[in-house]
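Read the structure below first, then the notes.
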């Protein structure tokens with residue numbers, strides 16, 4: 127495993143003759159905003175990026191990539207880019223055709239509207255079907271500095287890592303719901319659906335970006351930006367299989383999960399030898415601490431807790447009736463275990479402040 131250093135190239139604000147974009151904005155059937163931005167061919171970096179993306183058979187790193195953000199003057203919420211496509215002039219809306227410089231085609235930039243429902247039509251009225259200056263914040267790219275290679279036999283369990291005390295945003299189960307079309311909620315239990323079924327998915331690297339004062343100012347995972355709502359936590363453990371089978375994610379199929387009663391290895395989240403590494407969001411300070419179980423010790427004389435543990439929340443009874451409810455329950459159970467076992471590193475952070 128390598129930890130690479132990254133840099134974010136400067137913002138893109140267009141070129142002579144291409145300093146503006148044209149926003150086409152409508153409302154879907156639920157009243158939510160739907161965005162498309164159009165740029166002229168004079169925006170040569172976007173034009174080159176559209177060509178690179180169209181000609182690539184898989185993921186490609188170009189000048190401006192999906193995952194970047196567009197900011198418009200006076201609009202505080204950045205607009206995340208999910209696609210960049212060259213479009214013939216004959217295929218653009220009439221209002222865009224009127225705006226485009228003579229003899230040029232367009233570059234269409236698709237915007238992810240799913241997390242922009244808080245933007246009201248009133249705020250966007252002055253942008254709709256009109257031209258505006260813009261600034262594109264690019265996605266980070268690898269720096270020249272040599273990467274740090276973790277010792278052989280070490281792994282970072284991203285299924286248990288994320289932002290905030292109970293955050294799991296780096297988990298493929300969560301990222302699939304955010305980035306794969308047709309998925310809406312984290313999937314921990316349906317072995318016929320993504321990411322537990324189907325071909326391999328490339329969720330790209332996890333990027334933690336720092337400001338000039340050392341603070342964490344941006345976090346990316348799965349090609350999208352994760353809001354920095356708390357400190358960032360990574361679970362470091364010995365290289366072992368991360369268990370994705372529904373009954374093994376929290377070792378629910380074992381009577382004594384913390385002691386590996388099934389003799390099939392312990393998933394990193396329940397491994398007493400694991401280490402939590404935390405990055406404090408306000409200062410960038412990195413702290414590590416041993417995995418900690420803060421819950422009371424089991425009482426072997428009690429039938430309710432014999433060979434079990436208070437660390438892992440019990441499943442609901444009766445069992446939730448829908449798969450969505452059961453997935454939510456599993457997500458919350460895993461988040462609870464992550465939050466509890468992060469208590470050691472949280473306490474160390476408090477002592478160092």
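Residue numbers (our numbering): 127 to 479.
Even for Gly, the Cβ is constructed at its ideal location relative to N, Cα and C.
In this text, all values refer to a predicted model and were calculated from it rather than measured experimentally.
Exposed or buried, which one is residue i when buried takes at least 16 other CB atoms within 10 Å?
| i | result |
| --- | --- |
| residue 375 | buried |
| residue 328 | exposed |
| residue 459 | buried |
| residue 270 | exposed |
| residue 414 | exposed |
| residue 297 | buried |
| residue 442 | exposed |
| residue 163 | buried |
| residue 277 | exposed |
| residue 244 | Only weak support is given to the placement of residue 244: the predicted model assigns it a pLDDT of 49, under 50, and the question is left unresolved by the model. |
Between which two residues does the beta strand (DSSP E) holding residue i run?
| i | result |
| --- | --- |
| residue 258 | 256 to 259 |
| residue 172 | Careful: residue 172 lies outside any beta strand (DSSP E), inside the alpha helix (DSSP H) at 170 to 181. |
| residue 236 | 232 to 237 |
| residue 412 | 412 to 416 |
| residue 392 | No beta strand (DSSP E) holds residue 392; DSSP gives it neither H nor E. |
| residue 350 | 350 to 352 |
| residue 516 | A question about residue 516 goes unanswered here, because the residues of the chain that appear run from 127 up to 479. |
| residue 436 | Residue 436 -> no beta strand (DSSP E), and no H or E assigned at all. |
Just tell me which of the options has its CA closest to the CA of residue i.
| i | options | result |
| --- | --- | --- |
| residue 339 | 229, 408 and 448 | 408 |
| residue 275 | 417, 232 and 128 | 128 |
| residue 136 | 142, 190 and 204 | 190 |
| residue 146 | 166, 160 and 369 | 166 |
| residue 363 | 197, 154, 279 and 228 | 279 |
| residue 319 | 204, 299, 399 and 439 | 299 |
| residue 402 | 391, 361 and 377 | 361 |
| residue 291 | 209, 464 and 310 | 464 |
| residue 411 | 303, 218 and 337 | 337 |
| residue 168 | 156, 194 and 212 | 212 |
| residue 294 | 341, 313, 218 and 309 | 313 |
| residue 231 | 253, 144 and 254 | 144 |
For residue i and residue j, what's the separation of their Cα atoms in angstroms?
| i | j | result |
| --- | --- | --- |
| residue 200 | residue 139 | 15 Å |
| residue 235 | residue 461 | 35 Å |
| residue 174 | residue 380 | 55 Å |
| residue 386 | residue 395 | 13 Å |
| residue 222 | residue 419 | 59 Å |
| residue 472 | residue 180 | 45 Å |
| residue 133 | residue 343 | 13 Å |
Could you tell me the boundaries of the alpha helix (DSSP H) in which residue i lies?
| i | result |
| --- | --- |
| residue 457 | 449 to 467 |
| residue 224 | 220 to 225 |
Return yes when at least one heavy atom of the ligand HEM lies under 7 Å from the C-beta of residue i, else no.
| i | result |
| --- | --- |
| residue 253 | With respect to small molecules bound, the structure shown includes none, and the ligand HEM cannot be examined in it. |
- [ ] Go through the stretch 285 to 321 residue by residue and report every complete run of the alpha helix (DSSP H) that reaches 4 residues or more, in order.
- [x] Counting only runs that start and end inside the stretch 285 to 321, the alpha helix (DSSP H) elements of at least 4 residues fall at 298 to 305.
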